[in-house]
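Student: Structure incoming, see below.
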């Protein structure tokens, strides 16, 4: 998932366009972080908020940071927890964000290839056995089932490519997959168990603590957004996770990017070498600093993604 740095800029530009404050990217991530492989980022670095939450739930302490990335500056979580409230029925405001509907995304083709894929064999039978169970029981069972049957394997190791999305049947058959493969398989199993597709969201995100690209399944259930993560069998409310920054979210027939409410996020100074003057999108200033030479093209591409929200 080497695309995350580019997608983060897409999302940030879109947020400013909608008149929303954008989150700090810890000023611009250092080159060492940008070159880090996905597996190194996921397996090393500081523990995420999700790790800390699940450790507390288990009565233990947070996992100590590994030494591998000790020389890299920590990316302070920019997303602050907001008071719990009934979640939206129409949009995935996950991880304390505001979802913005977009026409298409750079990952649309990959999503389209797997969105309607189903599970087969024992996985399908297990999912069918969960029909009629409560939604929480279904979510817990499917999360544990998939986590126990797929071993995390970076796409570069398994396929020699930066990113490949597997169908749920292929991921379960191989027994190996990347983080989005876990999420896609869980989504397919919950569909087979009778959970409404409109309540299932594949979320592509950045784990700020681990400096890692990541993907999870989020399920709307009982007025909450519940996170199914390949890193734990415990189910966590997304509003309790403050260092996961959603970039793109997919559900049946819709795609979203994400913004943040002004009262929860301070303004951000963005980076661009080729601009000497601030960029202003619908009254929300992005003040250029240093780095990220590709920002102008990203801003224009985001304009085409979000459509009528703004124009340059």
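Numbering (the numbering used here), first residue to last: 367 to 678. Glycine is no exception: its CB is placed at the ideal position from the N, C-alpha and C atoms.
Relative to the C-alpha of residue 491, which candidate in 594, 614, 508, 526 has its C-alpha closest?
Tutor: Mapped onto the chain shown, residue 491 falls at position 125. Residue 508 is the option with its Cα nearest to residue 491.
Student: Buried or exposed: where does residue 553 fall if 16 or more other Cβ atoms within 10 Å of its Cβ makes it buried?
Tutor: Indexing the chain shown from 1 puts residue 553 at position 187. Per the 10 Å Cβ criterion, buried.
Student: Alpha carbons only, please: which of 614, 613, 615, 587 is nearest the one belonging to residue 602?
Tutor: To locate residue 602, count along the chain shown from 1; it is residue 236. The residue with the shortest Cα to Cα distance from residue 602 is 587.
Student: Under a Cβ-count criterion, where at least 16 other Cβ atoms within 10 Å of its own Cβ denotes burial, should residue 495 be classed as buried or exposed?
Tutor: Counted from its first residue, the chain shown places residue 495 at position 129. Classification for residue 495: exposed.
Student: If we ignore side chains and look at the alpha-carbon of each, how far apart do residue 555 and residue 628 end up?
Tutor: Along the chain shown, read from residue 1 onward, the residue named residue 555 stands at position 189. Along the chain shown, read from residue 1 onward, the residue named residue 628 stands at position 262. Cα to Cα, the separation comes out at about 37 angstroms.
Student: Since residue 567 sits in a beta bridge, which residues does DSSP pair it with?
Tutor: Sequence index remark: in the chain shown, residue 567 carries index 201 (1-based). According to DSSP, residue 567 bridges with 584.
Student: Go through the region 490–516 residue by residue and report every complete run of the alpha helix (DSSP H) that reaches 4 residues or more, in order.
Tutor: With a minimum length of 4 residues, the continuous alpha helix (DSSP H) runs that stay inside the region 490–516 are 501–515.
Student: Does the region 469–485 touch the region 528–536, meaning 3 or more C-beta pairs lie closer than 8 angstroms?
Tutor: The region 528–536 vs the region 469–485: in contact.
Student: Nearest to residue 547 by CA position, among 573, 561, 564, 524, is which residue?
Tutor: Sequence index remark: in the chain shown, residue 547 carries index 181 (1-based). For residue 547, the nearest C-alpha among the options comes from 524.
Student: Between residue 565 and residue 585, which are expected to be in contact by the criterion C-beta below 8 angstroms, what is the C-beta distance as a whole number of angstroms?
Tutor: Position 199 of the chain shown, counting from 1, holds the residue named residue 565. Position 219 of the chain shown, counting from 1, holds the residue named residue 585. About 6 angstroms separates the two Cβ atoms, so the contact holds.
Student: How should residue 527 be labelled, buried or exposed, when 16 other C-beta atoms within 10 angstroms of its C-beta is the threshold for buried?
Tutor: The residue labelled residue 527 in the question sits at position 161 within the chain shown. With fewer than 16 other Cβ atoms within 10 Å, it is exposed.
Student: If distances are taken between C-alpha atoms only, which option among 590, 591, 475, 501 comes closest to residue 559?
Tutor: Reading the chain shown from its first residue, position 193 is the one you call residue 559. That would be 501, whose Cα lies nearest to the Cα of residue 559.
Student: State yes or no: is the beta carbon of residue 488 nearer than 7 angstroms to at least one beta carbon in chain D?
Tutor: The chain labelled as chain D is not found in the depicted structure, where only one protein chain is given.
Student: Just the Cα atoms here: how many angstroms apart are residue 624 and residue 561?
Tutor: For this step, residue 624 is matched to residue 258 along the chain shown. For this step, residue 561 is matched to residue 195 along the chain shown. So the two alpha carbons sit approximately 24 angstroms from each other.
Student: Quick check on residue 611: does DSSP put it in helix, strand or coil?
Tutor: On the chain shown, residue 611 is found 245 positions in, with the first residue counted as 1. It is a strand residue.
Student: Alpha carbon to alpha carbon, how far is residue 456 from residue 433? Give it in angstroms, no decimals.
Tutor: On the chain shown, residue 433 is found 67 positions in, with the first residue counted as 1. On the chain shown, residue 456 is found 90 positions in, with the first residue counted as 1. For residue 433, the predicted model reports a pLDDT of 36, less than 50, meaning its position is unreliable and no value from the coordinates is stated.
Student: Assuming the contact rule is C-beta atoms closer than 8 angstroms, residue 575 and residue 520 should be a hit. Round their C-beta distance to whole Å, please.
Tutor: On the chain shown, residue 575 is found 209 positions in, with the first residue counted as 1. On the chain shown, residue 520 is found 154 positions in, with the first residue counted as 1. Contact doesn't hold; Cβ gap of about 19 angstroms is too wide.
Student: Which class does residue 559 belong to by DSSP, given the choice of helix, strand or coil?
Tutor: For the purposes of this step, residue 559 is taken as the residue at position 193 of the chain shown. DSSP places residue 559 in coil when its eight states are reduced to three.
Student: Are the beta-carbon atoms of residue 453 and residue 591 separated by less than 7 angstroms?
Tutor: In the chain shown, the residue the question calls residue 453 occupies position 87. In the chain shown, the residue the question calls residue 591 occupies position 225. Yes, they are a contact pair.
Student: Relative to the C-alpha of residue 580, which residue among 531, 506, 504, 589 is closest?
Tutor: Here residue 580 refers to the residue found at position 214 of the chain shown. Measuring from the Cα of residue 580, the nearest candidate turns out to be 531.
Student: I'd like the span of the alpha helix (DSSP H) that includes residue 523, first residue to last.
Tutor: The sequence position of residue 523 within the chain shown is 157, counting from 1. Residues 521–524.
Student: For residue 621, report the span of its beta strand (DSSP E) as first-last.
Tutor: The residue given as residue 621 occupies position 255 in the chain shown. Element bounds for residue 621: 620–625.
Student: From residue 468 to residue 498, what does the alpha carbon distance come to, in whole angstroms?
Tutor: Here residue 468 refers to the residue found at position 102 of the chain shown. Here residue 498 refers to the residue found at position 132 of the chain shown. So the alpha carbons of these two residues sit roughly 34 angstroms apart.
Student: Would residue 395 be called buried (16 or more neighbouring beta carbons within 10 Å of its own) or exposed?
Tutor: Position 29 of the chain shown, counted from the start, is the residue given in the question as residue 395. Per-residue confidence for residue 395 stands at a pLDDT of 30, beneath the threshold of 50, marking its modelled position as unreliable; no derived number is given.
Student: From which residue to which residue does the alpha helix (DSSP H) around residue 467 run?
Tutor: Residue 467 sits at position 101 when you count from the first residue of the chain shown. No alpha helix (DSSP H) holds residue 467; the beta strand (DSSP E) holding it covers 464–468.
Student: Among the candidates 465, 471, 461, 478, whose CA atom is the shortest distance from the CA of residue 550?
Tutor: For the purposes of this step, residue 550 is identified with residue 184 of the chain shown, where counting begins at 1. Looking at the Cα atoms, 478 is the closest of the given residues.
Student: Tell me which residues share the same chain as residue 543 and place their Cβ nearer than 6 angstroms to its Cβ, disregarding the 5 neighbours each side in the sequence.
Tutor: Here residue 543 refers to the residue found at position 177 of the chain shown. Closer than 6 angstroms at the Cβ level, and outside the excluded window around residue 543, lie 516, 532, 537.
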